[in-house]
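First the structure, in the form of structure tokens, and then the observations on it.
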Amino acid sequence: MCVSESVESWCSIPLHTFQLGSMSTNNSPTADVDNTAVLHLGIGRPYQTIMLENEAFSCFVFYSVLLVIKMYIIAIITGQVRLRKKAFANPEDAQRHGGVQYYREDPDVERCRRAHRNDMENIFPFLFLGAVYSLIGPSLAVARAHFLVFFLFRMLHTVAYLCVLRAPTRSLAYVVAQVPCVSMAVQVLAAVASSW
Amino acid sequence: MCVSESVESWCSIPLHTFQLGSMSTNNSPTADVDNTAVLHLGIGRPYQTIMLENEAFSCFVFYSVLLVIKMYIIAIITGQVRLRKKAFANPEDAQRHGGVQYYREDPDVERCRRAHRNDMENIFPFLFLGAVYSLIGPSLAVARAHFLVFFLFRMLHTVAYLCVLRAPTRSLAYVVAQVPCVSMAVQVLAAVASSW
Amino acid sequence: MCVSESVESWCSIPLHTFQLGSMSTNNSPTADVDNTAVLHLGIGRPYQTIMLENEAFSCFVFYSVLLVIKMYIIAIITGQVRLRKKAFANPEDAQRHGGVQYYREDPDVERCRRAHRNDMENIFPFLFLGAVYSLIGPSLAVARAHFLVFFLFRMLHTVAYLCVLRAPTRSLAYVVAQVPCVSMAVQVLAAVASSW
């Protein structure tokens, strides 16, 4: 991050680099020049770019988006298993794929759905906790450790679920992934409480 | 808040243009004047107003809130179908509406619940992806296109689900609505990666 | 946008009060000194701290994190009921706890799962609506009332669900908790619409 140079030369900042309400930045090439919506904070970069300069937040976003993509992949897998096992949740789908007798449940489909639901129960709260935790100014190394542990053990949870790994593997992955979540929740509560 | 010292040393800045900790703005009529919690960014408007001046974020918030309201409406419809079909998920509810024999499942209720669950699987990740995507400074036109496609095809998805439209309509709406989500996920990953 | 006046007089700001890119703050003891990622906004505190100085947002975060912890507790209760009733969702879990005959459903487990799902349907949207609502600059007192009503009636909802309270209690708690959510949704839509 080469911010020091620009800070040093702030006395001579041309006003056009400090404009509020235009979006003629060099690092967002798709920017609409007439867009009057973005706050420049004195360094020629839009507000959004600065937002992402919170490295803990960047790190959180990186792992979160990967986890969201993982959830999308579970949805695709569920659809594929439905097609392969011919087990559809809706009669109109069954009708289209061979007949209403395929409007039925299937254990493999249900397994995918449980994996997906468990992700919703755990990854969605992480999307909230991780974002708020990033805002309270954690050490980057500590924050990264939280996010990485959650990411790795949620990946393991999904693999253990879909590949039917031996019994406590999935539960263990779930428990370990909860540790950084509870840690973040406690730290956020402490930060909010201390600000009161 | 011991900001006054540093504010005082900013000597040449007119205090009213950079006040930290008062909320006497003209554009939030509900503002509590004694509220010392809002950061003014030098232009007499609260931090929050500036946040919403990110037009891509505003646009995202607009469609997102409509989608959340849509999900609330599905919940209401589910309740109405439960009452009309007399199919309750809990014995205590059934007891209150005619007897424990109405503690049972019903295909129409299950259809509503699947529509609701599918929304959770797809709209909740959008709430995250869209917010983060708005922060990386997209073109307003491109961002609006992403949000609008998602919004329209999720609306179509719900209509197709609840009205039992012909078979590939619902699946098609799901797939098309996923396109802007995957696009946003990829762009956010690229933005985060390039900031490292 | 009349920022130019204040910007012109910024040459007299001591650089150390406006450093961008170092994180040597006194109020985040865990901060990594070499972390160049945090934006200081001229007052010696990191961006994140200022974020939490939005008291409505702080208040929202406080109740939200408590609700997330409540959801985690429901998950733990579900697991305990599964163990006590010997009713497992996966054959591999049943195998490990006495045999595949315990791969079965149980009404008490299903009750916990319904409570958890209802939380997902309602608390997750709150995590979004409350955050955005905090950003539009509500009165702290009004915002706190919104969050507190939601928090209290979602707690009541869970108690009513898990303890099988008499019939309309749970539904009533659900309805009352929806009131602040719909109110926030309407206010956010109004704020976004007025900014266009």
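Chains as they are written, first to last, in numbering that gives the first Met the number 0: chain L, 0 to 195; chain S, 0 to 195; chain X, 0 to 195.
All C-beta atoms in this analysis are idealised placements derived from N, C-alpha and C, irrespective of residue type, glycine included.
For a cutoff of 7 Å on Cβ pairs, would you count residue i as touching chain L?
i: S/Val-80; result: no
i: S/Asn-34; result: At S/Asn-34 the pLDDT is 32, less than 50, meaning the model places this residue with poor confidence; the figure from the coordinates comes in the next sentence. For S/Asn-34, the answer is no, since every Cβ of chain L falls outside 7 Å of its Cβ.
i: X/Ile-72; result: no
i: X/Val-148; result: no
i: S/Ala-166; result: yes
i: S/Val-158; result: no
i: S/Val-163; result: yes
i: X/Leu-151; result: no
i: X/Ala-176; result: no
i: X/Val-99; result: no
i: X/Val-108; result: no
Counting only C-beta atoms, is residue i closer than 7 Å to chain S at any point?
i: X/Arg-113; result: yes
i: X/Pro-179; result: no
i: X/Val-187; result: yes
i: X/Ala-184; result: yes
i: L/Leu-126; result: yes
i: L/Glu-91; result: yes
i: X/Ser-194; result: yes
i: L/Phe-123; result: yes
i: L/Ser-57; result: yes
i: X/Val-191; result: yes
i: L/Ala-88; result: yes
i: L/Val-64; result: yes
For residue i, which of the options has the nearest alpha-carbon?
i: S/Ile-68; options: S/Thr-157, S/Gly-136, S/Leu-128; result: S/Thr-157
i: L/Tyr-102; options: L/Ala-93, L/Val-108, L/Arg-110; result: L/Ala-93
i: L/Gly-98; options: L/Phe-125, L/Ser-182, L/Ala-88; result: L/Ala-88
i: L/Phe-61; options: L/Arg-143, L/Arg-153, L/Arg-165; result: L/Arg-143
i: S/Val-163; options: S/Val-185, S/Pro-137, S/Arg-113, S/Ala-190; result: S/Arg-113
i: X/Val-131; options: X/Cys-180, X/His-96, X/Ala-74, X/Thr-77; result: X/Cys-180
i: L/Leu-161; options: L/Leu-147, L/Gln-100, L/Arg-116, L/His-96; result: L/Arg-116
i: X/Arg-110; options: X/Ala-55, X/Ala-159, X/Glu-54, X/Ser-133; result: X/Ala-159
i: X/Ala-172; options: X/Arg-165, X/Gly-78, X/Leu-155; result: X/Leu-155
i: L/Phe-149; options: L/Pro-90, L/Pro-167, L/Pro-124; result: L/Pro-124
i: X/Ala-166; options: S/Val-141, S/His-96, S/Asn-121, S/Ser-170; result: S/His-96
i: S/Ser-63; options: S/Glu-52, S/Gly-129, S/Ser-170, S/Leu-139; result: S/Gly-129
i: X/Arg-72; options: L/Glu-120, L/Leu-139, L/Val-141, L/Ala-140; result: Residue identity differs from the one stated: residue 72 of chain X is Ile in this sequence, not Arg. Minimum Cα distance to X/Ile-72 is reached at L/Glu-120.
i: S/Thr-168; options: L/Ser-170, L/Glu-91, L/Leu-139; result: L/Glu-91
i: S/Ser-170; options: L/Gln-79, L/Phe-59, L/Asn-53; result: L/Gln-79
So, using beta-carbon positions, are residue i and residue j closer together than 7 Å?
i: S/Val-191; j: L/Ser-57; result: yes
i: L/Met-70; j: L/Asp-107; result: no
i: X/Val-185; j: X/Phe-152; result: no
i: S/Ala-55; j: S/Pro-137; result: yes
i: L/Leu-126; j: S/Phe-127; result: yes
i: X/Ala-86; j: X/Asp-105; result: yes
i: X/Ile-122; j: X/Leu-65; result: no
Would residue i pass as an interface residue toward chain A - the criterion being a Cβ-Cβ separation below 7 Å?
i: L/Arg-95; result: Absent from the structure: chain A. Protein chains present are L, S and X.
Is there a Cβ of chain X sitting closer than 7 Å to that of residue i, yes or no?
i: S/Ser-138; result: no
i: S/Ile-68; result: yes
i: S/Val-141; result: no
i: S/Val-131; result: no
inquiry  = Ignoring anything shorter than 3 residues, give me the beta strand (DSSP E) runs that lie fully in the stretch 132–187 of chain L, in order along the chain.
reply    = none
ask   = Any chance the stretch 172–188 of chain L sits against the stretch 143–154 of chain L, with 3 or more Cβ pairs inside 8 Å?
value = yes
Those runs of the alpha helix (DSSP H) which lie wholly inside the stretch 62–98 of chain X and span at least 4 residues = 90–95
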